[in-house]
Each structure stands twice: as structure tokens, then as C-alpha cells.
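Numbering (numbering that gives the first Met the number 0), first residue to last: 0 to 279.
Worksheet: the structure to be examined is printed underneath.
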Amino acid sequence: MSADAEDPITAWKRWREHRVDGVSAPYGPLALTGTLPQTPSGGTPGLADYPEGRIPAVPGRWLAAAGGVTLTAGPEDGITLDGEPLAGSAVLAADEAPPSHARLAAGEVRLVVIRREGQWAVRVFDPGAPGRAAFTGIEATPYDPSYAVPGHFAPYGEDRTVQVENVDGRTRGLGLGGELSFEFEGARHALRVAVDEEDGSLWAVIGDATGGRSSYRFRFLKPGIPAADGSVTVDLNRVQLPPCAFADHFVCPFPPPGNTLPFEIAAGERRLKGALASGI
0 MSADAEDPIT AWKRWREHRV DGVSAPYGPL ALTGTLPQTP SGGTPGLADY PEGRIPAVPG
60 RWLAAAGGVT LTAGPEDGIT LDGEPLAGSA VLAADEAPPS HARLAAGEVR LVVIRREGQW
120 AVRVFDPGAP GRAAFTGIEA TPYDPSYAVP GHFAPYGEDR TVQVENVDGR TRGLGLGGEL
180 SFEFEGARHA LRVAVDEEDG SLWAVIGDAT GGRSSYRFRF LKPGIPAADG SVTVDLNRVQ
240 LPPCAFADHF VCPFPPPGNT LPFEIAAGER RLKGALASGI
């Protein structure tokens, strides 16, 4: 039996420490200062909106190309690629690495090329971001074993997509792979969950009766990888804040229909410390 199984409280404390370290890291979510360029309508950012290739507040010249982005920079731009000064042009694909290991940098700032909804854009991570400087921690409720219950995952016959509103006001498709059912306080509940294509782990966007009051508007639940028979522990002590709770430049989906639970999840991560009720 693993140490985590023997002592869930210690395991939860390690998880909490890992979470705080991760979000407050020099290039963690709190360091995101922009996803650029931003379209005039406030929709999905894309380089096509700047055909001249100059993105405000980002050095270099960025042009969408077949299969990537062509970045042209000179010594005056101060951009490095893989640790070497970039003087000339380079074609870049979407960067799947974490910002701390981004190929591109401008001084202490990391530049991450992304592709979303058919648009190329650049995320800017700055360790001197105001949000990171102001961070004092995440409010979380102490571990309560009653919130860790057996669950069962039942995959759909094929993946489904449901249209849900996102925090930026736009509606997008959210891919779902099945339902996670569990019993809590004598009642049966089911969550519509996504399945990670790489490792088969589950994650869900969920709401509850505390959302927008004593907790952030919605939270994420990541139960892990179910066993071959579909069994998996639903530990609501590990519900966590979504990336958009740390920086406005992240776009997160609201819970899909059926994923707002009818009881209070007085557990897990609740909100940033110091957050006002009107701002959570």
C-alpha cells in the first residue's frame, strides 16, 4: 500500500504545497500578463489581425505562416531562441512546453506560441507580473474524509461535444468522454467529464452552492485515471481553482449542463486569499 493511501491527510497537504508552488512559480499562471494580439472585438486573439506583424508590447515581427509562425527579430529586440540571441527569422510551431521551459524569451519574460480556434497568438509570462507580486495564497478548507467517496466512470460510446459559455462571454465546444457517478450524503450524483487523450485521466468543470459566494464561481475536479473496471475515488478535497482564477488572460469554460451540484462543496481550494465576494 502506498504512503498516499495510508495517510490521505499527508498526501493532501503535499498536493496543496505543490499547487501553491506551481501557481506562484516565476512562470506559473499568476505570471501570465497577456495573450496577444487581442482582437478589437475581444474575441479569439490572432496574428491575422496584425498583418504588419507588430504585436503591441511584444518585440519582433510575427507573421502567421503555413504550419506555424514566422518570427523575425534583430539585436535591438533582445529575443533569444533556445538560449541564443535571435538575429533573423525562425518558423515556430505551437509550444506545448510549460512557460518555464519556453524556447523564446525577451529578458526575464517568456513568450509562448499557441494556436487556439484556428488562430496563432503569443502568451506573455512575466515573473514581475502584478498578480504574482500580490499573491498571498489560496484559501482552502482543511481535509475532510467525508468528501472522499468511491466513484465510477462510464465512458460514452464515442466522444461528445457540448456547447458551453466561457469566461470571456463566448460559447465554445467542450469535449466530454463519459460520466462520473458517485454518492454523497445519501444521494446519487453524476458529472460529465473530459478524458485526457494522453493518459486517460479525468477532469470536470463543476459548480456548487458555494460558487460566487465563499468559493470561486466554478472549480475543476481531476480524479485521476480510473481502474479497468471504472472505479475511481472522487475526492472533493482536491477541487481546485481554474487558471482563469489567477489571470484574466486564461479562457476557461463554465460547467456544462448537469455539472452544478446541488450541495455545498465546503472543501478544497476556495478562492485566492484576500478575494472579495464580488470578485470571486
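Glycine residues also receive a C-beta, built at the ideal position from the N, C-alpha and C atoms.
Remember, predicted model here, so these are calculated numbers, not experimental data.
Next item on the list: Label Tyr142 either buried or exposed according to how many other C-beta atoms from any shown protein chain fall within 10 Å of its C-beta, with 16 as the threshold for buried.
Entry: Tyr142 should be labelled buried.
Check: How big is the Cα-Cα spacing for His17 and Leu35?
Finding: 29 Å
Note to self: Please classify Ala2 as buried or exposed, where buried requires at least 16 other C-beta atoms within 10 Å of its C-beta.
What the structure shows: Below a pLDDT of 50, predicted positions are generally treated as unreliable, and Ala2, at 46, falls in that range; no measurement from the model is reported.
Next item on the list: Find out if the Cβ-Cβ distance for the pair Arg216, Gly267 is shorter than 8 Å.
Entry: It is not a contact, given that the beta carbons lie outside the stated cut-off.
Check: Expressed to the nearest angstrom, what Euclidean distance is found between the alpha-carbon atoms of Glu75 and Arg13?
Finding: 44 Å
Check: Looking at Ala208 and Glu263, is the spacing between their C-beta atoms short of 8 Å?
Finding: yes
Notebook entry, point to check: Contact between the stretch 61-72 and the stretch 123-134: three or more CB pairs below 8 Å?
Noted result: no
Next item on the list: Would you list the one or two residues that DSSP bridges to Thr71?
Entry: Arg60 and Ser88
Next item on the list: Using only alpha-carbon positions, find the residue among Leu190, Leu240 and Ser230 that is nearest to Gly211.
Entry: Ranking the options by Cα distance to Gly211, first place goes to Leu240.
Check: When burial is assigned at 16 or more other CB atoms within 10 Å of the CB, is Ile137 buried or exposed?
Finding: buried
Checklist line | Separation of Ala244 from Ala276, as counted between CA atoms | finding: Any answer about Ala276 is weak, because its pLDDT of 45 lies below 50 and its placement is not dependable; what the coordinates show is given next. Each residue's Cα considered, the two are about 13 Å apart.
Item checked: Whole-angstrom distance between Glu83 and Asp247, CA atom to CA atom -> 31 Å
Checklist line | Host beta strand (DSSP E) of Arg114 (start-end) | finding: Unbroken beta strand (DSSP E) run through Arg114: Val108 to Arg115.
Notebook entry, point to check: If you draw a straight line from the alpha carbon of Pro252 to that of Arg269, how long is it in whole angstroms?
Noted result: Cα to Cα, the separation comes out at about 18 Å.
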